[in-house]
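> Sharing a structure with you now.
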Amino acid sequence: VLGTPLNRFYPPENRELQLTIMREHLAVSQFPPNHVTHPRDFILRNRTMALISDASIIVEAGETSGALSQGWEAIRLGRPLYIAPFVLEQNLDWPKKMIEYGAKIFEDVDDLVGLLPNHEYELSSILER
1 VLGTPLNRFY PPENRELQLT IMREHLAVSQ FPPNHVTHPR DFILRNRTMA
51 LISDASIIVE AGETSGALSQ GWEAIRLGRP LYIAPFVLEQ NLDWPKKMIE
101 YGAKIFEDVD DLVGLLPNHE YELSSILER
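When we follow full-length UniProt numbering, the leftmost residue of the sequence shown carries the number 1, and every step to the right adds one.
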């Protein structure tokens, strides 16, 4: 999910990476072509990521990180938010606040996989139709 239109590259040195992703995978943007990008667009992008995700995971973020806007948006939307355990060791304020509002700490990758929503049932029921 881009914080810029599909025809703009930010940062510019990631142009080839973005083109590869667009060609071989999927890139989405809520911004029209040639939209002039503003810092607030990245907050909107973070909201979009929370909206289209079944869960959000924060593995690293300082007190002013953009990842926090996605985390708070996930909480606001009632979507699961998971925080890496070593983030708690960094003596930051935001993890404690997010935990108060429902964020969960995961211990390791296996724990996280067990916590994430599983859509296998939904997919199998769709394929049976």
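Backbone N, C-alpha and C fix where the C-beta goes; we use that ideal spot for every residue, glycine too.
These figures come from a predicted structure and were not determined experimentally.
Find out if the Cβ-Cβ distance for the pair histidine 55, proline 85 is shorter than 8 Å.
Translated into the one-based positions of the sequence shown, residue 55 becomes position 55. Translated into the one-based positions of the sequence shown, residue 85 becomes position 85. As written in the sequence, residue 55 is alanine, which differs from the histidine given in the question. Result no, Cβ atoms of alanine 55 and proline 85 do not sit closer than 8 Å.
> Would you mind giving the Cβ-Cβ distance between proline 33 and leucine 2, rounded to the nearest angstrom? I have them listed as a contact below 8 Å.
Residue mapping note: residue 33 aligns to position 33 of the sequence shown, counting from 1. Residue mapping note: residue 2 aligns to position 2 of the sequence shown, counting from 1. That pair is no contact at about 12 Å.
> Grouping DSSP H, G and I as helix and E and B as strand, with all else coil, what is proline 29?
Taking the first residue of the sequence shown as 1, we reach residue 29 at position 29. One point to set straight first is that residue 29 is serine, not proline, in the sequence displayed. Reduced to three states, the DSSP call for serine 29 is coil.
> Rounding to the nearest angstrom, what Cα-Cα distance links asparagine 76 and valine 109 in this structure?
Position 76 of the sequence shown, counted from the first residue, corresponds to residue 76. Position 109 of the sequence shown, counted from the first residue, corresponds to residue 109. Just to set this straight, residue 76 is arginine in the shown sequence, not asparagine. The straight-line gap from Cα to Cα measures roughly 25 Å.
> Identify which residue in Met98, Asn91, Arg15 and Leu44 has its Cα closest to the Cα of isoleucine 83.
Numbered from 1 along the sequence shown, position 83 holds the residue referred to as residue 83. Out of Met98, Asn91, Arg15 and Leu44, Met98 has the C-alpha closest to the C-alpha of isoleucine 83.
> Whole angstroms are fine: how far does the CA of glycine 102 sit from the CA of isoleucine 43?
As a first step, residue 43 is located in the sequence shown; it is residue number 43 there, counting from the start. As a first step, residue 102 is located in the sequence shown; it is residue number 102 there, counting from the start. Taking the straight line from one Cα to the other gives about 21 Å.
> Buried or exposed for glutamine 70, going by 16 or more other Cβ atoms inside 10 Å?
Indexing the sequence shown from 1 puts residue 70 at position 70. The residue is buried, with at least 16 neighbouring Cβ atoms inside 10 Å.
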